[in-house]
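**Q**
Numbering (our numbering), first residue to last: 1 to 455.
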């Protein structure tokens, strides 16, 4: 802890000594270790450590950036010098205000477990093998196609010239499995399940059985009718659709640039009155929970939609200050598609744990509400959605026909089209059990009308 913070302090001090009006240093990264499954066998093991230091130096509104994965005092000072040189050759950013100032940090629970940090690769192999055996145990025609177990130990240290100093450490473990099944001439789509926790509490047998059973159910195929239907959306499908639409609309930079469907709609009704959504970087056990974001700003809970009314957006430091607000603790790094490690990129707005508040409906009540429609577990192609308009068209796999208030059979070769923002207005029932898939913590929910495209 002290070593990484000391490196950050040294880099900041060096940048200021070299003439920076402001400076920030971040150490971020850690160890990823695991085992991979392919066609029912352990294919490989990996153990990778990737941690580095990044320095931002500001010279009268010009910003320089440099990074390295060499964590020594000499390299930290060298990055400060390189950041200064980069700032001198960069144009002035007329919108730059300042780096973050110190704020109190929250207590964040259930994000670190020493048992995970102490695990060996042998344990990840054992967990993966247990998932394999559980998948095979579903039936003779069920195959664990791919999967594995990964553990991660991440550390964050950040300091800047305004007095921000923070250190955090977290762990995570996931076992995942994608299964396929055959029944006569019918072959299921790839059916995926996982268990991901910040504490050592995963159940690989559950993962294998659920993936295998879902694949087996997907071989009982019946006809799909086209038209407009009620649809029960699973958290997997919700996460895919909303990540490429709704998440983009709630980012403060997109709002400022006029690229958000929610621009100029604060305090207006934008969704069903049943729907409340918030982003929470302090959620106990949340997969993306932490004490601070990657600018050293405290994480927090931010209301986005309250009973259908748009109540807020998420910001990093730059865009918050540009519009006269405080950062919501949503500065992330990475995601630029350049293959760089997270510490090798400048901050951008990213969600933490986007929580859709559960309702009180049971699984049976949700299916009965649909009565004649579809249950969509997963979708493919959501990345091609239009984030500004919300339009999407996705393939469904796996998905199931609901008839007479019960799940009747699986469907194949089916697509679904709609508008994500209109979809949120048509929610008629929300389930009481939520789970985390990616950045979303969501229950199943019923949408009154979506377009089903089938042959």
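A virtual CB, placed ideally from N, CA and C, is assigned to each residue, including glycine.
Quick one: give me the first and last residue of the beta strand (DSSP E) that residue 431 is part of.
**A** Here the beta strand (DSSP E) through residue 431 covers 427 to 437.
**Q** For residue 337, count the other beta carbons within 10 Å of its own beta carbon; 16 or more makes it buried, fewer makes it exposed. Which is it?
**A** At residue 337, the pLDDT of 49 sits below 50, so the modelled position is not reliable and the matter cannot be decided from this model.
**Q** Can you grab the Cα-Cα spacing for the pair residue 417 / residue 368, in whole Å?
**A** Distance between the alpha carbons of residue 417 and residue 368 is about 23 Å.
**Q** Leaving out five residues on either side along the sequence, give the residues of the same chain with a beta carbon under 6 Å from the beta carbon of residue 188.
**A** 180, 181, 215, 218 and 219.
**Q** Where do the ends of the alpha helix (DSSP H) carrying residue 84 lie?
**A** Looking at the DSSP string, the run of the alpha helix (DSSP H) that includes residue 84 is 73 to 88.
**Q** Can you tell me whether DSSP reads residue 337 as helix, strand or coil?
**A** Confidence in residue 337 is poor, its pLDDT being 49 and thus under 50, which makes the residue's placement too unreliable to answer from.
**Q** Using the three-state DSSP reduction, which class does residue 143 fall into: helix, strand or coil?
**A** Residue 143 falls in the strand class under three-state DSSP.
**Q** Name the two residues that bound the continuous alpha helix (DSSP H) containing residue 116.
**A** Per DSSP, residue 116 belongs to the alpha helix (DSSP H) from 114 to 117.
**Q** Between the alpha carbons of residue 498 and residue 183, how many angstroms are there, rounded?
**A** Residue 498 falls outside the range modelled here, since the chain spans only 1 to 455, and no answer is possible.
**Q** Is the beta carbon of residue 72 sitting closer than 8 Å to the one on residue 52?
**A** The answer is no: Cβ separation not under 8 Å.
**Q** So, using beta-carbon positions, are residue 22 and residue 58 closer together than 8 Å?
**A** The answer is yes: Cβ separation under 8 Å.
**Q** With a floor of 4 residues, list each alpha helix (DSSP H) that falls wholly inside the region 139 to 204, ordered by position along the chain.
**A** Qualifying alpha helix (DSSP H) stretches: none in this window.
**Q** Below 8 Å between beta carbons: does that hold for residue 398 and residue 191?
**A** Yes, these two residues count as a Cβ contact at 8 Å.
**Q** Only counting the same chain, and skipping five residues up and downstream in sequence, which positions put a Cβ closer than 7 Å to that of residue 246?
**A** Counting only Cβ-Cβ distances below 7 Å, and skipping sequence neighbours, we find 420.
**Q** Residue range of the beta strand (DSSP E) that residue 228 falls in?
**A** Counting along the chain, the beta strand (DSSP E) containing residue 228 begins and ends at 227 to 233.
**Q** Report, in whole angstroms, the separation of the C-beta atoms of residue 442 and residue 238, which I expect to be a contact under 8 Å.
**A** 5 Å between Cβ atoms; contact.
**Q** Whole beta strand (DSSP E) runs in the region 34 to 61 with 3 or more residues, listed along the chain?
**A** Those beta strand (DSSP E) runs which fall completely within the region 34 to 61 and span 3+ residues are 41 to 59.
**Q** Which partner residues does residue 269 have in the DSSP bridge list?
**A** Bridge partners of residue 269: 309.
**Q** Give the DSSP-derived three-state secondary structure of residue 109 in the structure shown.
**A** Note: residue 109 maps to coil in three-state DSSP.
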